[in-house]
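Enquirer:
Protein chains in written order, with this note's numbering: chain A, -6 to 195; chain B, 32 to 267.
(1) Is residue 121 of chain A buried or exposed, if buried means 16 or more other CB atoms sit within 10 Å of its CB?
(2) If we count Cβ pairs, one from each stretch, closer than 8 Å, do we get three or more for the region 68 to 77 of chain B versus the region 20 to 27 of chain A?
(3) Going by DSSP in three states, residue 201 of chain B sits in which element: helix, strand or coil?
(4) Confirm, please, whether the CB-CB distance from residue 97 of chain B to residue 14 of chain A is below 8 Å.
(5) If I follow the unbroken alpha helix (DSSP H) through residue 95 of chain B, where does it start and stop?
(6) Drop a sphere of 10 angstroms on the beta-carbon of residue 37 of chain A, count the other beta-carbons inside from all chains shown, and report buried for 16 or more, exposed for fewer.
(7) Can you give me the start and stop residues for the beta strand (DSSP E) that residue 215 of chain B sits inside?
(8) For the region 135 to 150 of chain B against the region 227 to 247 of chain B, are there 3 or more C-beta pairs whose distance is under 8 Å?
(9) Report the three-state DSSP secondary structure of residue 193 of chain B (helix, strand or coil).
(10) By Cβ distance below 8 Å, which residues in the same chain neighbour residue 218 of chain B in space, the five residues on each side in sequence not counted?
(11) Examine chain B for any beta-carbon lying closer than 8 Å to the beta-carbon of residue 145 of chain A, and answer yes or no.
(12) Kindly say whether residue 70 of chain B, judged by its beta-carbon, lies nearer than 8 Å to any beta-carbon of chain A.
(13) Scan the region 66 to 82 of chain A for residues whose Cβ lies nearer than 8 Å to a Cβ of chain B and list them as they occur along the chain.
(14) Within a Cβ cutoff of 7 Å, which residues of the same chain sit near residue 61 of chain A, ignoring the five residues on either side of it in sequence?
(15) Report the neighbours of residue 57 of chain A on chain B: residues whose CB is nearer than 9 Å to its CB, in chain order.
(16) Starting from residue 159 of chain B, follow the alpha helix (DSSP H) in both directions and report where the run begins and ends.
(17) Say whether chain A places a C-beta atom closer than 8 Å to the C-beta of residue 45 of chain B.
(18) If the criterion is Cβ atoms closer than 8 Å, does the pair residue 69 of chain A and residue 144 of chain A meet it?
(19) Which partner residues does residue 241 of chain B have in the DSSP bridge list?
(20) For residue 60 of chain B, report the span of its alpha helix (DSSP H) as first-last.
(21) Considering only residues of the same chain and omitting the five flanking positions on each side of residue 133 of chain A, which have a CB-CB separation below 7 Å?
(22) So which residues of chain B does residue 164 of chain A contact, with C-beta pairs closer than 7 Å?
(23) Identify every residue that forms a DSSP beta bridge with residue 246 of chain B.
(24) Which chain A residues are close to residue 80 of chain B, counting only those with a beta carbon under 8 Å from its beta carbon?
(25) Expressed to the nearest angstrom, what Euclidean distance is found between the alpha-carbon atoms of residue 135 of chain A and residue 79 of chain A?
(26) Counting contacts by CB-CB distance shorter than 8 Å, is residue 50 of chain A in contact with chain B?
(27) What is the residue span of the alpha helix (DSSP H) that residue 175 of chain B lies within?
(28) Does DSSP classify residue 226 of chain B as helix, strand or coil?
(29) DSSP on residue 186 of chain B, reduced to helix/strand/coil?
(30) Using the rule of at least 16 other Cβ atoms within 10 Å of the residue's Cβ for burial, across every protein chain shown, is residue 129 of chain A buried or exposed?
(31) Mind checking if residue 39 of chain B is an interface residue toward chain A, Cβ cutoff 8 Å exclusive?
(32) Would you kindly work out how many angstroms separate the C-alpha atoms of residue 116 of chain A and residue 149 of chain A, rounded to a whole number?
(33) Would you give the residue range spanned by the alpha helix (DSSP H) that residue 28 of chain A belongs to?
(34) Taking 8 Å as the CB-CB limit, is residue 50 of chain B close to chain A?
(35) Say whether chain A places a C-beta atom closer than 8 Å to the C-beta of residue 53 of chain B.
(36) If we call anything under 8 Å between Cβ atoms a contact, is residue 208 of chain B one with residue 252 of chain B?
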């Protein structure tokens, strides 16, 4: 299956509107164009390939069922799809973590060290500041992430990429829960203010 | 919580979009979304703001089975159509047909999901008749009981069917008898009224239930000391 790296928003929006009418061919095209990206997003939150593919299946069941609620004026198709993927992955992970017999694999490295995942994240994954690429929106967000303090940016990124709850971010960063909540909330507000300031100047 | 306060609504929308909103707060928030356009707009705006973070995530090609399972699950009524299947099949145009069928399939999926999510209270109880033991020997009194067990093995109701009145120095004691090993006492029971026993694992390894005649206060040793007056095998 070919996986175009940057699906055209207009084409995807059209496909979504046809999916909302029950068009299976459009659904197949939509899946073909976006499933790889969605699996990438799910795998960032749930690193188990088998469960990630189960989650991917759930994602497209939801897409098939609720394509009608996509509003092209409010967001782009990839944003809408990506939100479904992220929430499905986070919900699935938290459901499994809520089961007492299940050990969370996402918070431990191969050597069982709790901080290992974070070090791995910092060392091997390009941080938001470096990796954001071409688009205007991405540049704006990258610039605004720089405005945040280091801990604020780190806490927001951990929550976004790993799907971590406040408590998990707090445990990763070895910080009190209240501190982490305040970092994330202030970070988000600073991000919003910064992005809106940029949009005002543009 | 007052969701009409704009700054609170925006904060919750941000936390929802980021994914840190969890537990009951998240469920409450999701329940409110359909009826609150302003809240939905706030969430969409935050998703747009944060979406560029996803741009650095590399696509990973899913295995073909995902699409096959998806097809089977959503469109079980038809042969799997590959993504490259020919277009313009005449029946294909009948969207109403597919909407109906997909609706049915989804109803099935949702129904199955609801069934799977429920803890199985619908299994019928297990009933065991404890018949009077003819081989109980001298000193025994004929007695019979009926035991009704929850299928989850966590509770049991015992009712006497035909049990004589006992002297004050005697008592009936109920036992769960495993295939191998010592019987487990489930406590003293009355010959004149029902009793409820709440234990875990009432069904695990249990081969039979038995009632023995014991001194008042129950067996002093933890094992049946008197004659077994009533016995019923567990058959599932």
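For each residue, glycine too, the CB sits at the ideal point set by N, CA and C.
Expert: In terms of the structure at hand:
(1) Taking the first chain and counting its residues from 1, the one referred to as residue 121 of chain A is at position 128. Below a pLDDT of 50, predicted positions are generally treated as unreliable, and residue 121 of chain A, at 45, falls in that range; the measurement from the model is reported next regardless. Result: buried.
(2) no
(3) Translated into positions along the second chain, residue 201 of chain B becomes position 170. Correct three-state label for residue 201 of chain B: strand.
(4) Counted from its first residue, the first chain places residue 14 of chain A at position 21. Counted from its first residue, the second chain places residue 97 of chain B at position 66. No, the pair does not count as a contact, with Cβ atoms beyond the cut-off.
(5) As a working mapping, residue 95 of chain B is identified with position 64 in the second chain. It spans 95 to 105 - the alpha helix (DSSP H) in which residue 95 of chain B sits, taken as one unbroken run.
(6) Counting from 1 along the first chain, the entry for residue 37 of chain A is found at position 44. It is buried - the Cβ of residue 37 of chain A has at least 16 other Cβ atoms within 10 Å.
(7) For the purposes of this step, residue 215 of chain B is taken as residue 184 along the second chain, with counting starting at 1. Residues 215 to 220.
(8) no
(9) The count along the second chain starts at 1 and reaches residue 193 of chain B at position 162. Residue 193 of chain B: strand per DSSP, three-state reduction.
(10) Start at 1 with the first residue of the second chain, and residue 218 of chain B comes out as number 187. So the qualifying residues of the chain are 204, 205, 226, 228, 249.
(11) Against the first chain, residue 145 of chain A aligns to sequence position 152. Chain B contact via Cβ: absent.
(12) Translated into positions along the second chain, residue 70 of chain B becomes position 39. Chain A contact via Cβ: absent.
(13) 67, 68, 69, 71, 72, 73, 75, 76, 79, 80
(14) Counted from its first residue, the first chain places residue 61 of chain A at position 68. Counting only Cβ-Cβ distances below 7 Å, and skipping sequence neighbours, we find 13.
(15) The count along the first chain starts at 1 and reaches residue 57 of chain A at position 64. Per Cβ cutoff of 9 Å: 101, 105, 133, 137.
(16) Here residue 159 of chain B refers to the residue found at position 128 of the second chain. It is not in any alpha helix (DSSP H) - residue 159 of chain B instead sits in the beta strand (DSSP E) that spans 157 to 163.
(17) Position 14 of the second chain, counting from 1, holds the residue named residue 45 of chain B. With 8 Å as the cut-off, residue 45 of chain B counts as an interface residue toward chain A.
(18) Position 76 of the first chain holds residue 69 of chain A. Position 151 of the first chain holds residue 144 of chain A. No, they are not a contact pair.
(19) In the second chain, residue 241 of chain B corresponds to position 210, counting from 1. DSSP output for residue 241 of chain B lists B:206, B:262 as bridge partner(s).
(20) As a position in the second chain, residue 60 of chain B is number 29, starting the count at 1. First-last of the alpha helix (DSSP H) with residue 60 of chain B: 54 to 63.
(21) Mapped onto the first chain, residue 133 of chain A falls at position 140. Closer than 7 Å at Cβ, skipping near neighbours: 188, 191.
(22) In the first chain, the residue the question calls residue 164 of chain A occupies position 171. None at all; the shortest Cβ gap to chain B is about 13 Å.
(23) Taking the second chain and counting its residues from 1, one reaches residue 246 of chain B at position 215. Partner(s): B:201.
(24) Here the question's residue 80 of chain B lines up with position 49 in the second chain. Per Cβ cutoff of 8 Å: 134, 184, 185, 188.
(25) Translated into positions along the first chain, residue 135 of chain A becomes position 142. Translated into positions along the first chain, residue 79 of chain A becomes position 86. Their Cα atoms are separated by approximately 20 Å.
(26) The sequence position of residue 50 of chain A within the first chain is 57, counting from 1. Yes, its Cβ sits closer than 8 Å to a Cβ of chain B.
(27) Taking the first residue of the second chain as 1, we reach residue 175 of chain B at position 144. It is not in any alpha helix (DSSP H) - residue 175 of chain B instead sits in the beta strand (DSSP E) that spans 175 to 180.
(28) Here residue 226 of chain B refers to the residue found at position 195 of the second chain. Residue state, collapsed to three classes: strand.
(29) Within the second chain, the letter at position 155 stands for residue 186 of chain B. Three-state DSSP puts residue 186 of chain B in a strand.
(30) As a first step, residue 129 of chain A is located in the first chain; it is residue number 136 there, counting from the start. Residue 129 of chain A is exposed by the Cβ-count criterion.
(31) Counting from 1 along the second chain, the entry for residue 39 of chain B is found at position 8. Closer than 8 Å: no.
(32) Taking the first residue of the first chain as position 1, residue 116 of chain A is located at position 123. Taking the first residue of the first chain as position 1, residue 149 of chain A is located at position 156. At residue 116 of chain A the pLDDT is 34, less than 50, meaning the model places this residue with poor confidence and gives no usable figure here.
(33) What you label residue 28 of chain A is simply residue 35 of the first chain in a count that begins at 1. Note, residue 28 of chain A: alpha helix (DSSP H), 17 to 38.
(34) Indexing the second chain from 1 puts residue 50 of chain B at position 19. Yes, contact with chain A.
(35) The residue labelled residue 53 of chain B in the question sits at position 22 within the second chain. Yes, residue 53 of chain B counts as interfacial toward chain A.
(36) Translated into the one-based positions of the second chain, residue 208 of chain B becomes position 177. Translated into the one-based positions of the second chain, residue 252 of chain B becomes position 221. In this structure, residue 252 of chain B does not lie closer than 8 Å to residue 208 of chain B by Cβ.
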